[in-house]
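Structure first, commentary second.
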Amino acid sequence: MHLMFYEYAVQYQPPFHPFSIGPSVANHTAWENLNPDLAKRLLYEGLRAQASPWSVIYATDYLDFARTGNRIHFEDKQFSRRQKLNDLIFAECIQHQGHFLDDIINGIYMICEESAWQLPPHNTYIKDTPQLPLPDTTRPVVDLFAAETGAVLASAVYLMKDSLDPVSPFIAETVKETLIKRIFTPYLHEYFWWMGDGTAHVNNWTVWCTQNVLIAAALTPIEESMRQQIFLKACRSIDYFLDEYGEDGCCDEGAHYYRHAGLCLFGCMEILNGMTGGHFAPLYQQEKIKNIASYVLNMHVNDHWYINFADCSAVTVRCSAREYLFGKRTGNANLMKLSAQDLKVNEDALLLDEHNTWYRLLQFSYWDEMMAYPTDGPIFHPELYYPSAGVFLTRDDTFCLAVKAGDNDDSHNHNDCGSFTLYKDGLPFFTDIGVETYCRKTFSPQRYELWTMQSQYHNLPTFTGCEKTACASTPYALAADFAGQSGLYGIMENDGPQYAAHHVKWQIGESFSEISMELADAYPDTRVQSFVRHASFDKPQETITITDHYSCDGLTPVLSLITYEVPTWDPEKQILHVGDLGDCQIPNASKVIIERLPITDARLQLAWKADLWRILVTPEKDDLTLIITK
900 MHLMFYEYAV QYQPPFHPFS IGPSVANHTA WENLNPDLAK RLLYEGLRAQ ASPWSVIYAT
960 DYLDFARTGN RIHFEDKQFS RRQKLNDLIF AECIQHQGHF LDDIINGIYM ICEESAWQLP
1020 PHNTYIKDTP QLPLPDTTRP VVDLFAAETG AVLASAVYLM KDSLDPVSPF IAETVKETLI
1080 KRIFTPYLHE YFWWMGDGTA HVNNWTVWCT QNVLIAAALT PIEESMRQQI FLKACRSIDY
1140 FLDEYGEDGC CDEGAHYYRH AGLCLFGCME ILNGMTGGHF APLYQQEKIK NIASYVLNMH
1200 VNDHWYINFA DCSAVTVRCS AREYLFGKRT GNANLMKLSA QDLKVNEDAL LLDEHNTWYR
1260 LLQFSYWDEM MAYPTDGPIF HPELYYPSAG VFLTRDDTFC LAVKAGDNDD SHNHNDCGSF
1320 TLYKDGLPFF TDIGVETYCR KTFSPQRYEL WTMQSQYHNL PTFTGCEKTA CASTPYALAA
1380 DFAGQSGLYG IMENDGPQYA AHHVKWQIGE SFSEISMELA DAYPDTRVQS FVRHASFDKP
1440 QETITITDHY SCDGLTPVLS LITYEVPTWD PEKQILHVGD LGDCQIPNAS KVIIERLPIT
1500 DARLQLAWKA DLWRILVTPE KDDLTLIITK
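Here our numbering is used: the first residue of the sequence shown is 900, the next is one more, and so on.
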């Protein structure tokens, strides 16, 4: 592995520089100069937060995950406390009359006095082992939201210390001692999987947790030796995270998790630079880091729509100051432009759903600069192939086609090897469903019992006509009662690195782009001898063509197609009408069935305001062709 950050870290000699997340309550000038409309809105949110009661968290709320698999009941209560505390702090910084101070003190103590900060589904010491039903208060777990809570409390004291100390110096001291016990000591003396060791896989957790531990360590008045140990360990973890990425910078967790992966890498870099007077700044010009920064821009389609695979949603949060600054640091004007455009239309521009204090302060601090940034004209989105994850993207002003090769071993994996998504006129034509609200099964051996993870609910074929005992060693690859037909079984893709695309060939040209791959190995049944998918975009003709060739030894391929627009099938013309968005010719279909997919899950409803549809297409012979034109 290349210890890039660690090498820079050992070259730096303390003392560390003071790190600032933004102006404190004592900096009256900075808060008075805040955009007046923004200040007015923040004060309103503070008053609204003050009028609402603090959530009450019971032990049984924590137990709910162990008992029912529901993690949302606890999370809603825990997250709302952090969000409310920040709303109160920002309002007090703006008004500076002490009106919110008692509520801020109550919030700080309430969070310090919680039995634990880790979420119930993360309440374990070894990855992929059963969670404990209640926390062991003598041995804190540093998970995503324990680290996030540490950053929130450290930020609260940093911003409010000049108002808190006159009430009692023990407020800041209580936070400091709580952070030492719950964050810094376990961070330095326990091994949590997300820290990395150079051999095991890591993901967004690594930089997400590391960033927030760094915030807490940089803002809290701890011993310099402890801060130095945290600094060095953090830099080693960042290197482990970067080792997971190819040079192309592709995030196999998708655009949604880019906000917790690539952007938390950016966060780590900003904090490290702040602590060292810019010592790490040259790393922003590393090609891999520049490519990581640009990923979210490359996956963007139009407005709030994104290319999505794995657990990513087709609609994800809008870009903020973090993306803007990552673009600024890496010289990516298009990423800056996308972020500035998003700010101007973002219904949650104040980031009210965010409980990381620093993210919100960045948004406020760069508000005027982003509002003034030129956003006229189109944003340039490149066409490209990401070899590290097998993601192919080709587009013009009408179409955006994405095809995923790779394998079924991504972080937040779905069995979607070979699937494709297509946008027409900036709207989903053939789409990827995304993921439902996380539950106990989501990150468990039963993950692929969940329908959204299965290849039959992606734009992929299921090979029907097999016996019930098929796939005995890979039971989650068997589609029982396929398409709602009792007794009909089908072979789906299976999860794992060996279930992959092979013989991938691609080209991207000014007038013609294409990709082809052999996908038989994505299926665990050897009767699927060959499944070759070829996707092409003829730009002068404005024609997308998807061609599948099957050789499957007595099995019958049935292709699933997922749409958001209501589909209708014209059997005489063999045309699939996708709402008013356009048509898809399927000249060699022998049978077409259309099913409604009810969207009742709250997380899915964030993207899909109406039901989705699955079209099941059986080919006449061994080939199936889809033709979509302008």
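The beta carbon of each residue, even a glycine, is placed where N, CA and C say it ideally should be.
* To do: Express the C-alpha separation of residue 1213 and residue 1460 in angstroms, rounding to a whole number.
  => 16 angstroms
* Asked: How about residue 1001 and residue 944: are their beta carbons less than 8 angstroms apart?
  -> no
* Going along the chain, which residues of its own chain have a beta-carbon closer than 8 angstroms to the beta-carbon of residue 1506, five neighbours each way excluded? -> 1212, 1213, 1214 and 1333
* To do: Starting from the C-beta of residue 1309, find all residues in its chain whose C-beta is less than 8 angstroms away, skip the five residues before and the five after it, and write them out in chain order.
  => 1151, 1152, 1208, 1209 and 1288
* **Contact check, residue 1158 vs residue 1336, beta carbons under 8 angstroms** => no
* Asked: Straight-line CA distance for residue 1464 to residue 1386?
  -> 30 angstroms
* Residues near residue 1238 by beta carbon distance below 6 angstroms, same chain, minus five either side -> 1218, 1222 and 1223
* Asked: Helix, strand or coil: how does DSSP classify residue 1500 here?
  -> coil
* To do: From the DSSP output, in three-state form, read off residue 1077 for me.
  => helix
* Bridge-paired residues (DSSP) for residue 1329 -> 1321
* **Residues bridged to residue 1294 (per DSSP)** => 1299
* **Test item: CB-CB of residue 1136 and residue 1095 under 8 angstroms** => yes
* To do: Using alpha carbons as the reference points, say which of 1129, 1093 and 1008 lies closest to residue 897.
  => Since the first residue of the chain shown is 900 and the last is 1529, residue 897 is not available in this structure.
* Nonlocal neighbours in the same chain, by C-beta distance under 6 angstroms from residue 904, ignoring five residues either side -> 1134, 1137 and 1138
* List in chain order: all unbroken alpha helix (DSSP H) runs of 4+ residues lying wholly within the segment 1124-1161. => 1154-1157
* Asked: In whole angstroms, what separates the C-alpha of residue 1074 from that of residue 1265?
  -> 29 angstroms
* **the segment 1444-1456 contacting the segment 1510-1523, beta-carbon criterion three pairs below 8 angstroms** => yes
* DSSP three-state assignment for residue 1051, whether helix, strand or coil -> helix
* To do: With DSSP as the reference, please indicate the residues paired to residue 1272 in a beta bridge.
  => Per DSSP, none; premise fails for residue 1272.
* What residue range is occupied by the uninterrupted beta strand (DSSP E) comprising residue 1403? -> 1401-1407
* To do: With a cut-off of 8 angstroms on the beta carbons, I'd call residue 1183 and residue 1228 a contact; round off their distance for me.
  => 4 angstroms
* **Whole-angstrom C-beta distance between residue 1167 and residue 1110, which should lie under 8 angstroms** => 5 angstroms
* **Proximity to residue 1262 [Cα-Cα], best of 1249, 1328 and 1274** => 1249
* Give the straight-line distance between the Cα atoms of residue 1357 and residue 1516, rounded to the nearest whole angstrom. => 13 angstroms
* **Supposed contact pair residue 1200 and residue 1206 - C-beta distance, whole angstroms, cut 8 angstroms** => 6 angstroms
* **Exposed unless 16 or more other CB atoms sit within 10 angstroms - verdict on residue 1156** => buried
* Between the C-alpha atoms of residue 1034 and residue 1024, what's the straight-line distance to the nearest angstrom? -> 11 angstroms
* Reduced DSSP secondary structure (H/G/I, E/B, other) of residue 904 -> helix
* Asked: Per DSSP, what kind of secondary structure is residue 931 in: helix, strand or coil?
  -> helix
* Asked: Relative to the C-alpha of residue 1278, which residue among 1296, 1457 and 1268 is closest?
  -> 1296
* Asked: Does the segment 951-969 come close enough to the segment 915-933 to have 3 or more Cβ pairs within less than 8 angstroms?
  -> no
* Asked: Okay, do the segment 1365-1372 and the segment 1386-1401 touch, 3+ Cβ pairs below 8 angstroms being the bar?
  -> yes
* Asked: Cα separation between residue 1029 and residue 1499?
  -> 29 angstroms
* Tell whether a beta-carbon distance below 8 angstroms holds between residue 1306 and residue 1396. => yes
* residue 1491 - partner residues in DSSP beta bridges -> 1516
* Going by the CB atoms, is the gap between residue 958 and residue 1019 shorter than 8 angstroms? -> no
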